[in-house]
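Student: Position 12, counted from 1, in the sequence shown is what full-length UniProt numbering calls 12; the numbers after and before it change by one each time, with no gaps. Idealized CB from N, CA, C, for every residue including glycine. Have a look at this one before I ask anything.
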Amino acid sequence: MALLLRHSRKLQRVRGVLDYERGSIARHFSASTCSTAVKEDGVSSSSVHGDYGKKVGSSSIFQERLSGKGPSASKVSPREARGSYISKRMQISATGANSLFSCGQVVSVRQFSSGADLPAHEEIGMPSLSPTMTEGNIARWVKKEGDKVSPGEVLCEVETDKATVEMECMEEGYLAKIVCGDGAKEIKVGEIICITVEEEGDIEKFKDYKASSSASAAPPAESKPQSEAPEPKEEKKELSKAPEQKATKTGESGDRLFSSPVARKLAEDNNVPLSSLKGTGPDGRILKADIEDYLSSVAKDTKKEASAAPGLGYVDLPNTQIRKVTSNRLLQSKQTIPHYYLTVDSRVDKLIKLRSELNPLQEASGGKKISINDLVIKAAALSLRKVPACNSSWMNDFIRQYHNVNINVAVQTEHGLFVPVVRDADKKGLATIADEVKQLALRARDNSLKPSEYEGGTFTISNLGGPFGVKQFCAIVNPPQSAILAIGSAEKRVIPGAEGQFEVGSFMSATLSCDHRVIDGAISAEWLKAFKGYIENPTTMLL
Numbered sequence: 001m002a003l004l005l006r007h008s009r010k011l012q013r014v015r016g017v018l019d020y021e022r023g024s025i026a027r028h029f030s031a032s033t034c035s036t037a038v039k040e041d042g043v044s045s046s047s048v049h050g051d052y053g054k055k056v057g058s059s060s061i062f063q064e065r066l067s068g069k070g071p072s073a074s075k076v077s078p079r080e081a082r083g084s085y086i087s088k089r090m091q092i093s094a095t096g097a098n099s100l101f102s103c104g105q106v107v108s109v110r111q112f113s114s115g116a117d118l119p120a121h122e123e124i125g126m127p128s129l130s131p132t133m134t135e136g137n138i139a140r141w142v143k144k145e146g147d148k149v150s151p152g153e154v155l156c157e158v159e160t161d162k163a164t165v166e167m168e169c170m171e172e173g174y175l176a177k178i179v180c181g182d183g184a185k186e187i188k189v190g191e192i193i194c195i196t197v198e199e200e201g202d203i204e205k206f207k208d209y210k211a212s213s214s215a216s217a218a219p220p221a222e223s224k225p226q227s228e229a230p231e232p233k234e235e236k237k238e239l240s241k242a243p244e245q246k247a248t249k250t251g252e253s254g255d256r257l258f259s260s261p262v263a264r265k266l267a268e269d270n271n272v273p274l275s276s277l278k279g280t281g282p283d284g285r286i287l288k289a290d291i292e293d294y295l296s297s298v299a300k301d302t303k304k305e306a307s308a309a310p311g312l313g314y315v316d317l318p319n320t321q322i323r324k325v326t327s328n329r330l331l332q333s334k335q336t337i338p339h340y341y342l343t344v345d346s347r348v349d350k351l352i353k354l355r356s357e358l359n360p361l362q363e364a365s366g367g368k369k370i371s372i373n374d375l376v377i378k379a380a381a382l383s384l385r386k387v388p389a390c391n392s393s394w395m396n397d398f399i400r401q402y403h404n405v406n407i408n409v410a411v412q413t414e415h416g417l418f419v420p421v422v423r424d425a426d427k428k429g430l431a432t433i434a435d436e437v438k439q440l441a442l443r444a445r446d447n448s449l450k451p452s453e454y455e456g457g458t459f460t461i462s463n464l465g466g467p468f469g470v471k472q473f474c475a476i477v478n479p480p481q482s483a484i485l486a487i488g489s490a491e492k493r494v495i496p497g498a499e500g501q502f503e504v505g506s507f508m509s510a511t512l513s514c515d516h517r518v519i520d521g522a523i524s525a526e527w528l529k530a531f532k533g534y535i536e537n538p539t540t541m542l543l
């Protein structure tokens with residue numbers, strides 16, 4: 001607005017500019033001033049930020065400025081202005097001025113960084129697409145720079161801590177700048193990834209735009225107009241002296257380390273001693289960038305120490321986001337959950353026979369084939385309904401027992417281990433379970449699972465028998481669940497029959513890993529007994 005309206009002769013003709021009743025405009029764009037537009041009677045006053053417009057809208061300063069007697073700009077204290085509007089600027093086209101003020105009040109305008117001749121734009125940060133997400137990777141951009149975007153359209157694909165999720169646009173506009181390109185790694189939640197604008201003509205102005213790397217480490221510098229009095233500078237000096245005086249009083253040796261809250265939090269999370277760092281901020285203040293530099297140097301030193309012996313060929317494979325999360329969760333599980341394991345062998349001849357009878361019916365109706373794993377899921381779900389104590393979670397102060405039986409099924413992919421969930425598996429038929437499992441497994445291998453398709457499970461099944469021929473293994477409990485079932489392969493064994501005869505039967509090993517805080521040994525044994533009963537007499541699952 002400052003580029004278009006000048007409080008001189010043009011301001012005296014404000015009635016013609018506003019094309020409405022007599023009004024006045026107070027302009028600013030610094031830390032010590034505010035802008036507002038009001039009608040002559042002050043009833044419909046409004047401000048761009050805060051309640052400043054309400055405080056001054058009815059004062060006589062606006063009438064004085066119409067007559068040319070008032071000051072050139074209205075001012076408020078730096079503290080008030082800083083709380084509502086810090087170093088922001090607006091640009092409004094001449095043709096847009098009439099429409100903006102045609103109703104006698106100011107509408108909200110997008111903000112953008114100070115000190116740059118940039119039009120109104122929106123900085124879009126990395127979203128939090130799952131409850132445990134702290135950072136993400138950009139898999140690929142669906143939209144390109146200069147493309148028009150509309151609400152609901154996919155901007156890019158983000159690799160979260162559990163899956164690759166599509167990020168949708170929330171507002172209409174144009175994608176002016178992609179800050180983090182395809183394949184960008186370890187982008188913190190909230191970090192700027194792209195810029196959008198409302199007008200297509202503004203795209204070129206962001207060609208050389210670069211996001212500030214120290215935006216989160218220190219507050220943005222405040223711009224100061226030429227007419228500003230030296231009072232704010234004196235106040236800044238007083239504010240900067242206050243913590244120093246307080247530090248000398250509270251410190252034991254008279255010295256104290258100064259650090260930003262973000263830097264302290266980052267240091268605590270990574271066990272970095274602040275005393276070993278030298279701050280690069282004002283008065284030796286330790287900033288976020290100092291912590292990041294320290295961590296980067298430590299990582300480089302560690303990599304050098306971990307280098308292979310001379311003469312050995314090797315390749316370093318970067319860890320994907322899903323593998324990092326999986327490793328952290330499994331490590332946490334083994335360190336904090338008291339595991340114990342129970343194994344039972346079940347004869348599966350009748351199960352195999354039932355499957356061979358059902359699959360021709362499935363093919364005739366156009367359905368998916370039923371696998372042994374589908375029958376195992378159904379048997380486990382019914383066993384959880386019969387022994388609900390195994391369908392629980394440890395919540396520190398209490399044990400939470402779930403009414404829904406949601407079975408996670410482990411699926412190994414080239415991207416890592418995924419566990420999509422079959423909800424209410426105890427209430428679904430075998431055909432429905434078979435269809436859902438195959439669709440979920442396909443989306444897992446395509447790395448396109450949605451959060452709703454892998455969250456909310458109460459029990460997990462991992463099968464290494466059918467696909468890989470593993471006889472028996474022990475799985476790690478998937479927190480916050482309290483049990484996981486490991487299925488081995490079926491093998492033929494010779495068993496004694498009647499009257500000294502022998503027969504051959506197929507047996508499958510199943511190992512239940514339990515959290516002893518939640519499930520006692522007798523309870524898990526009862527669950528395995530129910531599971532074995534359903535496997536050896538599968539027709540009871542159809543009742």
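Within 8 Å (strictly less), CB to CB, does Lys368 reach chain D?
Tutor: Considering every chain present, this structure includes no chain D. It has just one protein chain.
Student: Determine whether the beta carbon atoms of Ala483 and Asp435 lie at a separation below 8 Å.
Tutor: For the purposes of this step, residue 483 is taken as the residue at position 483 of the sequence shown. For the purposes of this step, residue 435 is taken as the residue at position 435 of the sequence shown. No.
Student: Which one or two residues does DSSP pair with Asp147 in a beta bridge?
Tutor: In the sequence shown, counting from the first residue as 1, residue 147 sits at position 147. Beta-bridge pairing links Asp147 to no other residue.
Student: Below 8 Å, how does it come out for the stretch 442–457 and the stretch 339–355: are there three or more Cβ pairs, yes or no?
Tutor: The stretch 442–457, when compared against the stretch 339–355, does not touch it at the 8 Å Cβ threshold.
Student: Kindly indicate which three-state DSSP category Glu363 falls into: helix, strand or coil?
Tutor: Your numbering for residue 363 matches position 363 in the sequence shown. Here Glu363 sits in helix by DSSP.
Student: Within 10 Å of its beta-carbon, does Asn424 have 16 or more other beta-carbons around it, so buried, or fewer, so exposed?
Tutor: Indexing the sequence shown from 1 puts residue 424 at position 424. Residue identity check: residue 424 is Asp in the sequence provided, not Asn. Counting Cβ neighbours within 10 Å, Asp424 comes out exposed, since fewer than 16 surround it.
Student: Comparing C-alpha positions only, which one of Tyr209, Glu204, Leu543 sits nearest to Ile192?
Tutor: Position 192 of the sequence shown, counted from the start, is the residue given in the question as residue 192. Here the closest residue by C-alpha is Tyr209.
Student: Could you tell me which uninterrupted alpha helix (DSSP H) segments, each at least 4 residues in length, are contained entirely in the stretch 325–370, listed from first to last along the chain?
Tutor: Here the runs fully enclosed are 349–364.
Student: Kindly indicate the opening and closing residues of the alpha helix (DSSP H) around Ala381.
Tutor: For the purposes of this step, residue 381 is identified with residue 381 of the sequence shown, where counting begins at 1. 372–386 is the span of the alpha helix (DSSP H), which, as asked, contains Ala381.
Student: How about Thr460 and Asn404: are their beta carbons less than 8 Å apart?
Tutor: Walking along the sequence shown from the start, residue 460 turns up at place 460. Walking along the sequence shown from the start, residue 404 turns up at place 404. Going by C-beta atoms, Thr460 is not nearer than 8 Å to Asn404.
Student: Going by the DSSP bridge assignment, what does Gln401 pair with across the sheet?
Tutor: Locating residue 401 in the sequence shown gives position 401, counting from the first residue. Per DSSP, Ser392.
Student: Would you decide whether Val298 is buried or exposed? Buried here means 16 or more other CB atoms lie within 10 Å of its CB.
Tutor: In the sequence shown, the residue the question calls residue 298 occupies position 298. So Val298 counts as exposed.
Student: Ignore the nearest five residues each way along the sequence and tell me which others in Ala490's own chain have a CB closer than 6 Å to its CB.
Tutor: Reading the sequence shown from its first residue, position 490 is the one you call residue 490. Only Val348, Ser506, Met508 meet the Cβ criterion.
Student: Give every residue of the same chain whose Cβ lies closer than 8 Å to the Cβ of Val419, excluding the five residues on either side of it in the sequence, and list them in chain order.
Tutor: Residue mapping note: residue 419 aligns to position 419 of the sequence shown, counting from 1. Closer than 8 Å at Cβ, skipping near neighbours: Asn408, Val409, Ala410, Val411, Tyr454, Gly457, Thr460, Asn478.
Student: For the 8 Å Cβ check, are there 3 or more pairs between the stretch 161–170 and the stretch 139–152?
Tutor: Contact between the stretch 161–170 and the stretch 139–152 is present, because at least three Cβ pairs lie under 8 Å.
Student: Using only the alpha-carbon positions, how far apart do Leu274 and Val149 sit?
Tutor: As a first step, residue 274 is located in the sequence shown; it is residue number 274 there, counting from the start. As a first step, residue 149 is located in the sequence shown; it is residue number 149 there, counting from the start. Distance between the alpha carbons of Leu274 and Val149 is about 45 Å.
Student: What is the rounded straight-line gap between the Cα of Leu118 and the Cα of Val325?
Tutor: Counting from 1 along the sequence shown, the entry for residue 118 is found at position 118. Counting from 1 along the sequence shown, the entry for residue 325 is found at position 325. Between Leu118 and Val325, the C-alpha separation is close to 39 Å.
Student: Kindly indicate the opening and closing residues of the beta strand (DSSP E) around Ala498.
Tutor: Mapped onto the sequence shown, residue 498 falls at position 498. From DSSP, Ala498 is part of no beta strand (DSSP E); its letter is neither H nor E.
Student: For Asn462, report the span of its beta strand (DSSP E) as first-last.
Tutor: Within the sequence shown, the letter at position 462 stands for residue 462. The sequence given here has Ser at residue 462, not Asn. Taken as a continuous stretch (DSSP letters only), the beta strand (DSSP E) holding Ser462 covers 459–463.
Student: According to DSSP, is Ser524 helix, strand or coil?
Tutor: Within the sequence shown, the letter at position 524 stands for residue 524. Note: Ser524 maps to helix in three-state DSSP.
Student: Name the DSSP beta bridge partners of Tyr454, please?
Tutor: Position 454 of the sequence shown, counted from the start, is the residue given in the question as residue 454. Its beta-bridge partners do not exist; DSSP assigns none.
Student: If Phe258 and Ile286 are in contact, beta carbons under 8 Å, what's the gap, nearest whole angstrom?
Tutor: Here residue 258 corresponds to residue number 258 of the sequence shown, with the count starting at 1. Here residue 286 corresponds to residue number 286 of the sequence shown, with the count starting at 1. At roughly 7 Å, the Cβ-Cβ gap stays under 8 Å, so Phe258 and Ile286 are in contact.
Student: At what residues does the alpha helix (DSSP H) containing Gln481 begin and finish?
Tutor: For the purposes of this step, residue 481 is taken as the residue at position 481 of the sequence shown. Here Gln481 belongs to no alpha helix (DSSP H), and DSSP marks it neither H nor E.
Student: Given a cut-off of 8 Å, decide if Leu358 and Thr539 are closer than it, judged by their beta-carbon atoms.
Tutor: Here the question's residue 539 lines up with position 539 in the sequence shown. Here the question's residue 358 lines up with position 358 in the sequence shown. No. Outside cutoff.
Student: Should Ser524 go down as buried or exposed, given a rule of 16 or more other Cβ atoms within 10 Å for buried?
Tutor: Taking the sequence shown and counting its residues from 1, one reaches residue 524 at position 524. Classification for Ser524: buried.
Student: Report the three-state DSSP secondary structure of Phe418 (helix, strand or coil).
Tutor: Against the sequence shown, residue 418 aligns to sequence position 418. The answer is strand: DSSP assigns Phe418 an E or B state.
Student: So, at 7 Å on beta carbons, what are the nonlocal neighbours of Ser60 in its own chain, with the 5 sequence-adjacent residues on each side left out?
Tutor: Counted from its first residue, the sequence shown places residue 60 at position 60. In this prediction, Ser60 scores a pLDDT of 42, lower than 50, which makes its location untrustworthy; no coordinate-derived value is stated.
Student: Beta-carbon within less than 6 Å of Ile399's beta-carbon, same chain only, minus the 5 sequence neighbours each way: which residues are those?
Tutor: If you number the sequence shown from 1, residue 399 lands on position 399. Same-chain partners within the cutoff: Ser392, Val518.
Student: Please say whether Ile195 and Gly136 have beta carbons closer to each other than 8 Å?
Tutor: On the sequence shown, position 136 is the one that residue 136 refers to. On the sequence shown, position 195 is the one that residue 195 refers to. Contact: no.
Student: Which whole-angstrom value describes the C-beta separation of Asn447 and Ala163, a residue pair presumed to lie in contact below a C-beta threshold of 8 Å?
Tutor: As a first step, residue 447 must be located in the sequence shown, where it is residue number 447. As a first step, residue 163 must be located in the sequence shown, where it is residue number 163. Going by Cβ atoms, the distance from Asn447 to Ala163 rounds to 7 Å, so yes, they are a contact pair.
Student: Considering only DSSP beta bridges, list what Tyr209 is partnered with.
Tutor: Within the sequence shown, the letter at position 209 stands for residue 209. None; Tyr209 has no bridge partner.
Student: Measuring straight from C-alpha to C-alpha, what distance separates Ile322 and Tyr402?
Tutor: Start at 1 with the first residue of the sequence shown, and residue 322 comes out as number 322. Start at 1 with the first residue of the sequence shown, and residue 402 comes out as number 402. Between Ile322 and Tyr402, the C-alpha separation is close to 27 Å.
Student: Check whether the Cβ atoms of Ile138 and Gly183 sit closer than 8 Å, and answer yes or no.
Tutor: Working through the sequence shown from its first residue, we reach residue 138 at position 138. Working through the sequence shown from its first residue, we reach residue 183 at position 183. For Ile138 and Gly183, yes; Cβs fall inside 8 Å.
Student: Where do the N-terminal and C-terminal ends of the beta strand (DSSP E) with Thr432 fall, by residue?
Tutor: Stepping through the sequence shown from its first residue, residue 432 is reached at position 432. Careful: Thr432 lies outside any beta strand (DSSP E), inside the alpha helix (DSSP H) at 430–445.
Student: Taking only the alpha-carbon atoms, compute the straight-line gap between Cys156 and Ser128 and give it to the nearest angstrom.
Tutor: For the purposes of this step, residue 156 is taken as residue 156 along the sequence shown, with counting starting at 1. For the purposes of this step, residue 128 is taken as residue 128 along the sequence shown, with counting starting at 1. Cα to Cα, the separation comes out at about 14 Å.
Student: Go ahead and label residue 551 buried or exposed: buried means 16 or more other beta carbons lie within 10 angstroms of its beta carbon, across all protein chains shown.
Tutor: An answer regarding residue 551 cannot be provided, because it is not within the stretch 1 to 543 covered by the chain.
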